[in-house]
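Heads up: the sequence lines are chains S and R, in that order. Numbering of the first sequence is given in the numbering used here, commencing with residue 391 and proceeding in unit increments. Numbering of the second sequence is given in the numbering used here, commencing with residue 391 and proceeding in unit increments.
2 protein chains.
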Amino acid sequence: MESVDSSLKRLGNTEHFLTFQKTDLEQFVHEARSLNLRIAVVTSGGTTVPLEQRAVRFIDNFSTGTRGATSTEKFLDLGSVDNTSGDPWRKKYAVVFLTREGSKQPYLRKVSAQHIAEACEILASQVTVRDKSIVTALTSWKTTRSRLFVIYFTTVQQYLADLFSIAQTVKPYRRSVLFFLAAAVSDYYVPFDQLSAHKIQSDTEDLVLNLQRVPKCLGSLRHDWAPEAFVASFKLETDESLLMGKARGALAKYNMHCVIGNVLDNRYEEVLIIDKKGKKLLQKGSGNEELETVLVSEIARMHEQYSKNG
Amino acid sequence: MESVDSSLKRLGNTEHFLTFQKTDLEQFVHEARSLNLRIAVVTSGGTTVPLEQRAVRFIDNFSTGTRGATSTEKFLDLGSVDNTSGDPWRKKYAVVFLTREGSKQPYLRKVSAQHIAEACEILASQVTVRDKSIVTALTSWKTTRSRLFVIYFTTVQQYLADLFSIAQTVKPYRRSVLFFLAAAVSDYYVPFDQLSAHKIQSDTEDLVLNLQRVPKCLGSLRHDWAPEAFVASFKLETDESLLMGKARGALAKYNMHCVIGNVLDNRYEEVLIIDKKGKKLLQKGSGNEELETVLVSEIARMHEQYSKNG
Numbered sequence: 391m392e393s394v395d396s397s398l399k400r401l402g403n404t405e406h407f408l409t410f411q412k413t414d415l416e417q418f419v420h421e422a423r424s425l426n427l428r429i430a431v432v433t434s435g436g437t438t439v440p441l442e443q444r445a446v447r448f449i450d451n452f453s454t455g456t457r458g459a460t461s462t463e464k465f466l467d468l469g470s471v472d473n474t475s476g477d478p479w480r481k482k483y484a485v486v487f488l489t490r491e492g493s494k495q496p497y498l499r500k501v502s503a504q505h506i507a508e509a510c511e512i513l514a515s516q517v518t519v520r521d522k523s524i525v526t527a528l529t530s531w532k533t534t535r536s537r538l539f540v541i542y543f544t545t546v547q548q549y550l551a552d553l554f555s556i557a558q559t560v561k562p563y564r565r566s567v568l569f570f571l572a573a574a575v576s577d578y579y580v581p582f583d584q585l586s587a588h589k590i591q592s593d594t595e596d597l598v599l600n601l602q603r604v605p606k607c608l609g610s611l612r613h614d615w616a617p618e619a620f621v622a623s624f625k626l627e628t629d630e631s632l633l634m635g636k637a638r639g640a641l642a643k644y645n646m647h648c649v650i651g652n653v654l655d656n657r658y659e660e661v662l663i664i665d666k667k668g669k670k671l672l673q674k675g676s677g678n679e680e681l682e683t684v685l686v687s688e689i690a691r692m693h694e695q696y697s698k699n700g
Numbered sequence: 391m392e393s394v395d396s397s398l399k400r401l402g403n404t405e406h407f408l409t410f411q412k413t414d415l416e417q418f419v420h421e422a423r424s425l426n427l428r429i430a431v432v433t434s435g436g437t438t439v440p441l442e443q444r445a446v447r448f449i450d451n452f453s454t455g456t457r458g459a460t461s462t463e464k465f466l467d468l469g470s471v472d473n474t475s476g477d478p479w480r481k482k483y484a485v486v487f488l489t490r491e492g493s494k495q496p497y498l499r500k501v502s503a504q505h506i507a508e509a510c511e512i513l514a515s516q517v518t519v520r521d522k523s524i525v526t527a528l529t530s531w532k533t534t535r536s537r538l539f540v541i542y543f544t545t546v547q548q549y550l551a552d553l554f555s556i557a558q559t560v561k562p563y564r565r566s567v568l569f570f571l572a573a574a575v576s577d578y579y580v581p582f583d584q585l586s587a588h589k590i591q592s593d594t595e596d597l598v599l600n601l602q603r604v605p606k607c608l609g610s611l612r613h614d615w616a617p618e619a620f621v622a623s624f625k626l627e628t629d630e631s632l633l634m635g636k637a638r639g640a641l642a643k644y645n646m647h648c649v650i651g652n653v654l655d656n657r658y659e660e661v662l663i664i665d666k667k668g669k670k671l672l673q674k675g676s677g678n679e680e681l682e683t684v685l686v687s688e689i690a691r692m693h694e695q696y697s698k699n700g
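The structure is reproduced here in structure tokens:
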């Protein structure tokens, strides 16, 4: 197992990559816990790998961040068992949302500026929108702000530095913390000192890129960074026949509490939850309800059971 | 000089990559010309290079599409010389905007859904926005719709196929057409038949990618696809000392009418316009006016002069 130092040391100075103020997060988490909310850390969207120091080009992946954004909504929507008052602070979770800049955001994912431009009326220097889905999305966005702390990353270096720092911050809250790692983290990168200083010139017929493995931090997260938190990670494959083996491998290798396996083609239709006891298939219902409703509900149930045993 | 066939043949069947209906564009351009509008084809944003057939990973570049979106606004704003009526159809240009999906859009670039969510009031199932910059942007967006034809691309293959098809469509309108090529087109790609069919596995310590040069289509555009259109291309460098040489090289090699040179760090502050007669430095004014106002005005002037000599 890699130690904290060895897993992140290869990236250089992680403080240099941090994209948020640690004191702000400390305050948010402290307030949430004082209101007896659990903490869900949801990561979302894809990390990029710069190919130049003055990064013009980078490697990215197709992730839109929809899974993470939708799941964040479901965590925010979950009510306390004894919640009958409708008071938003009687909800179950506060969410730390570590998200790729520009990827899908909770509630706003269904509302683009163009969508609003098409739906709106403009009269007397005032824009009015009556479209029900837009009104609903903006209302939900406004009413959940106080329980949502958003951190934006772009590069894989920023993502890992942020995740490490978040883990350090929530570590004292032990089993009340859940990590829901839906971000698509790059597997390979080019260390900063090996990057071309300027834009790669395009004079030659071929270009060969040599990439190295990104430090795998799941093991460090589980064992060093926040060893008492419940950790659910994702495994995405395009080839279904590889999925179970890969997911079971990640479960064992990094000692995850569960791995959520999904196949590119039907990832919004069904997922597999794999833990030490076995596997469970979750499927989207027949109505409008999204798959993430059952997924987040199941993960929250597992988290609750885990935290009661603490 | 490459012929049409040899430059695009390496990509495979270009029809397969097309992202718009050619008949829709034909109708748009025909109507614009019947109203005596010139046609500006503005390309914008970065192209991606898929690294897998079921593309999970791809190479991208940092381009946000701001230059193309802003320039499109300026082309749409330009009035006819004799325009005093305020009639939008007395404007100078209709714009075909070939833009990366998700990158900045004309007028909406300053208005995100989050911006609206923060600024709005919600009362009685109705969203109201009074923020002046939002109202102005949405108003401009609505009033220019009829002169703007938007085509979205993601991959470099889609971009080249779309550009080729646009060029064929506008070719009959000869010197009344201007190409303003602000898109950041990938220099290297992996041909489809060499792509890994499934997600690249991350079991090995290193990953080596072998990329080939993307066919350079600027020469084909100038000489075969739309030989009478005015073509302005861009050259971006991070190293200022390389810029003039690179820009002059592109001017000569592809027989551009002009090359707009810019350096990453100050690209919104100044650009160089290089043509056969020499170079001209354009700088952002001291006020709020954007650099693209002077840039587009200068390019439109050059286009006007060129079309008069036809």
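We treat Cβ as the ideally placed atom computed from N, Cα and C, and that holds for glycine. Being a predicted model, the structure only gives us computed values, none of them experimental.
TODO: Below 8 angstroms on the Cβ atoms is my guess for R/Val653 versus R/Glu680; work out the distance and round it to an integer in Å.
DONE: Taking the first residue of the second sequence as 1, we reach residue 653 of chain R at position 263. Taking the first residue of the second sequence as 1, we reach residue 680 of chain R at position 290. Actually they do not touch by this definition, with Cβ atoms about 17 angstroms apart.
- [ ] Starting from the Cα of R/Leu608, find the closest Cα among R/Phe543, R/Ala640, R/Arg490 and R/Tyr579 and give me that residue.
- [x] What you label residue 608 of chain R is simply residue 218 of the second sequence in a count that begins at 1. The option with the nearest alpha carbon to R/Leu608 is R/Ala640.
TODO: Express the C-alpha separation of S/Thr413 and S/Arg444 in angstroms, rounding to a whole number.
DONE: For the purposes of this step, residue 444 of chain S is taken as residue 54 along the first sequence, with counting starting at 1. For the purposes of this step, residue 413 of chain S is taken as residue 23 along the first sequence, with counting starting at 1. Using only the alpha carbons, I get a separation of about 30 angstroms.
Open item on the list: I need the DSSP call for R/Asn403, collapsed to helix, strand or coil.
Closed with: Position 13 of the second sequence, counting from 1, holds the residue named residue 403 of chain R. For R/Asn403, the three-state secondary structure derived from DSSP is coil.
TODO: Kindly indicate the opening and closing residues of the beta strand (DSSP E) around R/Gly435.
DONE: Taking the second sequence and counting its residues from 1, one reaches residue 435 of chain R at position 45. Neither: R/Gly435 is in no beta strand (DSSP E) and is coded neither H nor E.
Task: Under 8 angstroms between C-beta atoms of R/Ser461 and R/Val419 - done: Here residue 461 of chain R corresponds to residue number 71 of the second sequence, with the count starting at 1. Here residue 419 of chain R corresponds to residue number 29 of the second sequence, with the count starting at 1. It is not a contact, given that the beta carbons lie outside the stated cut-off.
TODO: Would you please state the rounded distance, in angstroms, between the beta carbons of S/Pro440 and S/Phe452? I believe it to be under 8 angstroms.
DONE: Against the first sequence, residue 440 of chain S aligns to sequence position 50. Against the first sequence, residue 452 of chain S aligns to sequence position 62. Between S/Phe452 and S/Pro440 the Cβ distance is about 18 angstroms, and since that is not below 8 angstroms, they are no contact.
- [ ] Please confirm whether R/Ser493 and R/Gly435 have their CB atoms less than 8 angstroms apart.
- [x] Locating residue 493 of chain R in the second sequence gives position 103, counting from the first residue. Locating residue 435 of chain R in the second sequence gives position 45, counting from the first residue. A Cβ-Cβ contact shorter than 8 angstroms links R/Ser493 with R/Gly435.
Task: Beta carbon proximity, R/Ile664 to chain S, threshold 8 angstroms - done: Reading the second sequence from its first residue, position 274 is the one you call residue 664 of chain R. No, R/Ile664 lies away from the interface with chain S (no Cβ there is under 8 angstroms from its Cβ).
Open item on the list: So if DSSP puts R/Val446 in a beta bridge, which residue, or which two residues, is it bridged to?
Closed with: As a first step, residue 446 of chain R must be located in the second sequence, where it is residue number 56. Residue pairing for R/Val446: DSSP places it in no beta bridge.
- [ ] Could you tell me whether the Cβ of S/Lys494 comes closer than 8 angstroms to any Cβ of chain B?
- [x] Here the protein chains are S and R, and chain B is not one of them.
Open item on the list: Please give the ranges of any alpha helix (DSSP H) in the stretch 606 to 655 of chain R, keeping only runs that are unbroken, at least 4 residues long and fully inside the region.
Closed with: As far as the stretch 606 to 655 of chain R is concerned, its whole alpha helix (DSSP H) runs of at least 4 residues are 630 to 644.
- [ ] Answer with buried or exposed for R/Lys522, where buried requires no fewer than 16 other C-beta atoms within 10 angstroms of its C-beta.
- [x] Against the second sequence, residue 522 of chain R aligns to sequence position 132. Exposed is the call here.
Task: Residue closest to S/Glu511, alpha-carbon to alpha-carbon, out of R/Thr518, R/Ala690, R/His505 and R/Ile506 - done: In the first sequence, residue 511 of chain S corresponds to position 121, counting from 1. A check of alpha carbon separations from S/Glu511 across R/Thr518, R/Ala690, R/His505 and R/Ile506 identifies R/Thr518 as the nearest.
Task: Close beta carbons around S/Tyr549, own chain, < 6 angstroms, minus the five adjacent residues each side - done: Translated into the one-based positions of the first sequence, residue 549 of chain S becomes position 159. Sequence-distant partners of S/Tyr549 (beyond 5 residues in either direction) whose C-beta falls short of 6 angstroms from its own C-beta, in its chain, are Thr437 and Phe543.
- [ ] Would you verify that the beta carbon of R/Asp472 is, or is not, closer than 8 angstroms to some beta carbon of chain S?
- [x] Position 82 of the second sequence, counting from 1, holds the residue named residue 472 of chain R. The predicted position of R/Asp472 is uncertain, since its pLDDT is 48 and thus under 50; no value can be drawn from it.
- [ ] Decide if S/Ala514 is buried, meaning its Cβ has at least 16 other Cβ atoms within 10 Å, or exposed.
- [x] Within the first sequence, residue 514 of chain S is the residue found at index 124, counting from 1. Classification of S/Ala514: exposed, given that the 10 Å Cβ count is below 16.
Task: Alpha-carbon to alpha-carbon, S/Ile689 and R/Tyr644 - done: The residue labelled residue 644 of chain R in the question sits at position 254 within the second sequence. The residue labelled residue 689 of chain S in the question sits at position 299 within the first sequence. R/Tyr644 and S/Ile689: Cα-Cα distance of roughly 58 angstroms.
- [ ] Could you tell me the boundaries of the beta strand (DSSP E) in which R/Ile512 lies?
- [x] Residue numbering aside, residue 512 of chain R sits at position 122 when the second sequence is read from its first letter. Glu511 to Leu513 is the span of the beta strand (DSSP E), which, as asked, contains R/Ile512.
- [ ] Could you spell out the range, first to last residue, of the beta strand (DSSP E) harbouring S/Phe582?
- [x] Within the first sequence, numbered from 1, the residue matching residue 582 of chain S stands at position 192. Segment: none, S/Phe582 is in no beta strand (DSSP E) and carries neither H nor E.
- [ ] Measure the C-alpha to C-alpha separation of R/Ala430 and R/Val580 and round it to an integer number of angstroms.
- [x] Here residue 430 of chain R refers to the residue found at position 40 of the second sequence. Here residue 580 of chain R refers to the residue found at position 190 of the second sequence. So the two alpha carbons sit approximately 31 angstroms from each other.
Task: Residue-level contact to chain S via CB, R/Arg520, 8 angstroms cutoff - done: For this step, residue 520 of chain R is matched to residue 130 along the second sequence. At a cut-off of 8 angstroms between beta-carbon atoms, R/Arg520 makes contact with chain S.
Task: Neighbour list for R/Cys510 in chain S, Cβ cutoff strictly below 9 angstroms - done: For this step, residue 510 of chain R is matched to residue 120 along the second sequence. Per Cβ cutoff of 9 angstroms: Val517, Val519, Leu528 and Lys532.
- [ ] Drop a sphere of 10 angstroms on the beta-carbon of R/Ala503, count the other beta-carbons inside from all chains shown, and report buried for 16 or more, exposed for fewer.
- [x] Start at 1 with the first residue of the second sequence, and residue 503 of chain R comes out as number 113. Within a 10 Å sphere around the beta-carbon of R/Ala503 sit 16 or more other beta-carbons, which makes this residue buried.
TODO: With distances taken Cα to Cα, identify the nearest neighbour of S/Pro605 among S/Arg612, S/Ser586, S/Thr594 and S/Tyr578.
DONE: Residue 605 of chain S sits at position 215 when you count from the first residue of the first sequence. The alpha carbon of S/Pro605 has as its nearest neighbour, out of S/Arg612, S/Ser586, S/Thr594 and S/Tyr578, the alpha carbon of S/Tyr578.
Open item on the list: Buried or exposed for S/Leu633, going by 16 or more other Cβ atoms inside 10 Å?
Closed with: Along the first sequence, read from residue 1 onward, the residue named residue 633 of chain S stands at position 243. Looking at its Cβ environment, which holds 16 or more other Cβ atoms inside 10 Å, S/Leu633 is buried.
TODO: Could you check which residue in R/Thr683, R/Glu660, R/Asn678 and R/Ile664 has the C-alpha nearest to that of R/Leu672?
DONE: Here residue 672 of chain R refers to the residue found at position 282 when the second sequence is read from its first residue. Relative to R/Leu672, the option among R/Thr683, R/Glu660, R/Asn678 and R/Ile664 whose CA is nearest is R/Glu660.
Open item on the list: When you compare the CB positions of R/Phe624 and R/Leu568, do they come within less than 8 angstroms of one another, or not?
Closed with: Translated into positions along the second sequence, residue 624 of chain R becomes position 234. Translated into positions along the second sequence, residue 568 of chain R becomes position 178. Result no, Cβ atoms of R/Phe624 and R/Leu568 do not sit closer than 8 angstroms.
TODO: Leaving aside the five residues before and after R/Val575 along the sequence, list all residues of the same chain whose C-beta is less than 6 angstroms from its C-beta, in chain order.
DONE: For the purposes of this step, residue 575 of chain R is taken as the residue at position 185 of the second sequence. Contacts found: Thr437.
TODO: Just the C-alpha distance for S/Glu627 and S/Gly635, rounded to the nearest angstrom, thanks.
DONE: Within the first sequence, numbered from 1, the residue matching residue 627 of chain S stands at position 237. Within the first sequence, numbered from 1, the residue matching residue 635 of chain S stands at position 245. Linking S/Glu627 to S/Gly635 through their CA atoms gives a straight-line distance of about 11 angstroms.
Open item on the list: Between the alpha carbons of R/Thr683 and R/Leu466, how many angstroms are there, rounded?
Closed with: Along the second sequence, one-based indexing puts residue 683 of chain R at 293. Along the second sequence, one-based indexing puts residue 466 of chain R at 76. When the Cα atoms are used, R/Thr683 and R/Leu466 turn out to be separated by approximately 11 angstroms.
Open item on the list: Check whether the stretch 528 to 546 of chain R and the stretch 527 to 534 of chain S touch, using three or more Cβ-Cβ pairs below 8 angstroms as the test.
Closed with: The count of Cβ pairs closer than 8 angstroms, one atom from the stretch 528 to 546 of chain R and one from the stretch 527 to 534 of chain S, stays below three, leaving the stretches out of contact.
TODO: Put R/Glu694 into one of helix, strand or coil per three-state DSSP.
DONE: Mapped onto the second sequence, residue 694 of chain R falls at position 304. When DSSP states are grouped into helix, strand and coil, R/Glu694 belongs to the helix group.
Open item on the list: I'd like to check one pair, R/Val686 with R/Ala619: are the Cβ atoms closer than 8 angstroms?
Closed with: Along the second sequence, read from residue 1 onward, the residue named residue 619 of chain R stands at position 229. Along the second sequence, read from residue 1 onward, the residue named residue 686 of chain R stands at position 296. Using a Cβ distance threshold of 8 angstroms, R/Ala619 and R/Val686 do not count as a contacting pair.
Task: Boundaries of the beta strand (DSSP E) in which S/Val486 is found, first to last residue - done: In the first sequence, the residue the question calls residue 486 of chain S occupies position 96. Here the beta strand (DSSP E) through S/Val486 covers Tyr483 to Arg490.
Open item on the list: Looking only at its chain, what residues have a beta carbon closer than 8 angstroms to the beta carbon of R/Leu408, apart from the 5 residues adjacent to it on each side?
Closed with: Within the second sequence, residue 408 of chain R is the residue found at index 18, counting from 1. Shown here for R/Leu408: same chain residues with a beta carbon closer than 8 angstroms to its own, the five before and five after excluded, namely Gln548, Ala551, Asp552 and Ser555 in chain order.
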